[in-house]
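Chemist: Structure in structure tokens, see below.
Set out below in structure tokens:
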């Protein structure tokens, strides 16, 4: 009886916490479908005009295209580097060196974004990277790297290293072994790392605000300037689309990874 | 051995390579895992490394495979030094106790793996994979995944994968260790057949002495990072070189005393008793080893005539009935236990509690330097 009560209490607490976390996010959905010219909640009438406005305004569509391009490039670069780093860390026999390197790799997760942003801005100004595509990709990769390292490291922990010994005995060199044996078996971790990297870049705002240029604005930056200039419900429409896209990507990716893991 | 199978389905029978180990040593920190091992495995031979766990047999195998660096000594395969050749270039097949099949590949893809590394053309590859699966008697499972197979079937796939590229050397590290007894005995015979068919040099590691005797042309007995003796099953059983080998392989009765050379023979003095053994011996503490089937029990009658052989007074303390034979455990004069095997037709009528004389011929025993360290291992 008391166990059932405890379970009920757990469920209720869990539901409350989830509602607390998710509700503010969900509020933007009806905001984007309003027929008024300002952000009003609860909405009094329905319309899709703000979505039409979003896709009709080159400032918004260019920002979306930039964000997708940067996100995809970051996913590729961060996944490659992060997978290599996680693999290296897992084989590093000097425990202390490996621990130090892993703290360094995970630091961007802990260092406050604004500090990172100021540092990156200062360096990028000097290097002429501010406001360039390469600059955006480099800056976002730093932020995305820890997510890839964490998820690939988790995958490598369940990987049986003895399979690599077996592959060597069968004539496969290091690279062939990695390509044909290790990588396929840690794919779930690599894929979820790539998704996290994309999403990290896609909704990054602090660093982007610093290194943006009039010719290169990402979607979150465009949203931020929109909210400071006018309170146009297009903003809510954009927010809704980001919300749906990231939820589908991360949720879908994690389900896929879980299913692949179960199949083994 | 002719086996009925379709034309062209057989793996090409190759010739085994000779493996020369000379002064091979592996140290971890200060401790030697393998200490100065010298051994030649003849082409096409079935050699087994036998020993308790931690005796260095697997480390030696790993050095041959290239998984473990050699601290000192040389390793030659067909007279070519291979100590510095990386594992993937040694062309040696390896079968592991834990199978080590690739879980994301089908059986056929697993077996094709070594051929893909060697850029064997598609058609040839398919033919060899089919032949290898045929050899391990596992056709029709090609498109299954390893997780869908039983342990015994998985080990057959691992075996097929290790022989499909016709390596001249095949190493096996306790390949049957994870299987139950019945399946193990069956696969032992299979491995023997495959050895005959493919003609490679096989090196097999086990801690199971029975398995070693069944499979091998010769056995190398490892103890404490060294090889104690190399020989055929018969050599090891009938002429053990050390007390360790005598005790590790098969059962025996051991009498301890002081040895002195005595003409062409040797004498062993126990408390108040003397027995003889053939062959020379160094003076000093020694252990006399006799196998159970070489011992005979005679009723302890005062009128019994000396047969010219050895005789020791004992008491029967235990009888084990085995159907075709019986084993009697006897209490020796020094306080130790002895073991006598009597065939069913010729058994004595002695019972537990009877006093008897334990007899054997001096040629049927070996006198070895005593080695107190074996007490730690065997008791």
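Chains as they are written, first to last, in the numbering used here: chain D, -3 to 260; chain C, 327 to 705. All residues carry an ideal CB built from backbone N, CA and C; glycine is no exception. Just so you know, these numbers come straight off a predicted model, no measurement behind them.
#1: Anyone know if the C-beta pair for residue 173 (chain D) and residue 50 (chain D) falls short of 8 Å?
#2: Using a Cβ-Cβ cut-off of 8 Å (strictly less than) and excluding sequence neighbours within five positions of residue 424 (chain C), which residues of its own chain qualify?
#3: Nearest CA to the CA of residue 383 (chain C): which residue from C:359, C:692, C:476 and C:493?
#4: Does residue 686 (chain C) come out as helix, strand or coil in the three-state DSSP assignment?
#5: Between which residues of its own chain and residue 194 (chain D) is the CB-CB distance below 6 Å, once the five residues before and five after are set aside?
#6: Apart from the five residues just before and just after residue 148 (chain D), which ones in its own chain have a Cβ nearer than 7 Å to its Cβ?
#7: Taking only beta-carbon atoms, is residue 150 (chain D) less than 8 Å away from chain C?
#8: Run through chain C and tell me which residues come within less than 8 Å of residue 180 (chain D), C-beta to C-beta.
#9: Would you call the region 679 to 694 of chain C and the region 634 to 646 of chain C in contact, with 3 or more CB pairs under 8 Å?
#10: Thinking C-alpha only, which one of C:614, C:484, C:623 and C:406 is nearest residue 305 (chain C)?
#11: Rounded to a whole number of angstroms, what is the C-alpha to C-alpha distance between residue 217 (chain D) and residue 116 (chain D)?
#12: Give the interface partners of residue 487 (chain C) over in chain D, defined as CB-CB distance under 9 Å, in chain order.
#13: Who does residue 479 (chain C) pair with in a DSSP beta bridge?
#14: Which residues of the region 429 to 456 of chain C have a Cβ closer than 7 Å to any Cβ of chain D? Give them in chain order.
#15: Thinking C-alpha only, which one of C:546, C:372, C:590 and C:390 is nearest residue 524 (chain C)?
#16: Give the DSSP bridge partners of residue 350 (chain C), in chain order.
#17: Terminal residues of the continuous alpha helix (DSSP H) containing residue 78 (chain D)?
#18: Classify residue 549 (chain C) as buried or exposed, calling it buried when 16 or more other Cβ atoms lie within 10 Å of its own Cβ.
#19: For my contact list, residue 623 (chain C) and residue 654 (chain C) are in at a C-beta cut-off of 8 Å; report their separation, rounded to the angstrom.
#20: Secondary structure at residue 426 (chain C), three-state DSSP: helix, strand or coil?
#21: Which chain C residues sit within Cβ distance under 9 Å of residue 158 (chain D)?
#22: When DSSP builds the beta bridges, which residues end up paired with residue 403 (chain C)?
#23: Looking at chain D, is there any beta carbon in it that lies within less than 8 Å of the beta carbon of residue 548 (chain C)?
#24: Are the region 602 to 620 of chain C and the region 689 to 698 of chain C touching by the rule of at least three beta carbon pairs closer than 8 Å?
#25: Could you check whether the Cβ of residue 186 (chain D) sits closer than 8 Å to any Cβ belonging to chain C?
#26: Closest Cβ-Cβ distance between residue 343 (chain C) and chain D: below 8 Å?
#27: Could you tell me if residue 436 (chain C) is buried or exposed, where buried requires 16 or more neighbouring beta carbons within 10 angstroms of its beta carbon?
#28: Could you check what DSSP says for residue 585 (chain C) in three-state terms: helix, strand or coil?
Modeler: From the atom records:
#1: Going by C-beta atoms, residue 173 (chain D) is not nearer than 8 Å to residue 50 (chain D).
#2: Taking C-beta separations shorter than 8 Å and ignoring five residues to either side along the sequence, the partners of residue 424 (chain C) in its chain run 504, following chain order.
#3: Nearest option by C-alpha distance: C:359.
#4: The answer is strand: DSSP assigns residue 686 (chain C) an E or B state.
#5: Sequence-distant partners of residue 194 (chain D) (beyond 5 residues in either direction) whose C-beta falls short of 6 Å from its own C-beta, in its chain, are 67 and 71.
#6: Excluding its 5 nearest sequence neighbours in each direction, residue 148 (chain D) has C-beta neighbours in its own chain below 7 Å: 78, 79, 82, 182, 185, 186 and 189, listed in chain order.
#7: Any Cβ of chain C closer than 8 Å to the Cβ of residue 150 (chain D) would place that residue at the interface, and such an atom is absent.
#8: Those within 8 Å of residue 180 (chain D) in chain C are 430.
#9: Three or more beta-carbon pairs drawn from the region 679 to 694 of chain C and the region 634 to 646 of chain C are found closer than 8 Å, and the two stretches are therefore classed as touching.
#10: Outside the modelled stretch of chain C, which goes from 327 to 705, sits residue 305 (chain C), for which no answer is possible.
#11: Our two residues, residue 217 (chain D) and residue 116 (chain D), have alpha carbons roughly 17 Å apart in a direct line.
#12: Going along chain D in sequence order, the residues near residue 487 (chain C) (Cβ under 9 Å) are 162 and 166.
#13: None, per the DSSP bridge assignment.
#14: For the region 429 to 456 of chain C, residues whose beta-carbon sits nearer than 7 Å to a beta-carbon of chain D comprise 429, 430, 439, 440, 443 and 444.
#15: The residue with the shortest Cα to Cα distance from residue 524 (chain C) is C:372.
#16: Its beta-bridge partners are C:363.
#17: Secondary structure note for residue 78 (chain D): its alpha helix (DSSP H) is the uninterrupted segment 54 to 87.
#18: Burial state of residue 549 (chain C) is buried, judged by a 10 Å Cβ sphere holding 16 or more other Cβ atoms.
#19: Right, the Cβ-Cβ distance comes to about 6 Å (below 8 Å), so this counts as a contact.
#20: DSSP places residue 426 (chain C) in coil when its eight states are reduced to three.
#21: Within chain C, the residues near residue 158 (chain D) are 422, 424 and 426.
#22: Partner(s): C:345 and C:406.
#23: Any Cβ of chain D closer than 8 Å to the Cβ of residue 548 (chain C) would place that residue at the interface, and such an atom is absent.
#24: When Cβ pairs closer than 8 Å are counted between the two stretches, the region 602 to 620 of chain C is seen to touch the region 689 to 698 of chain C, the count reaching three or more.
#25: Taking Cβ atoms only, chain C never reaches closer than 8 Å to residue 186 (chain D), which makes this a no.
#26: So no, residue 343 (chain C) is outside the interface.
#27: It is buried - the Cβ of residue 436 (chain C) has at least 16 other Cβ atoms within 10 Å.
#28: Strand at residue 585 (chain C).
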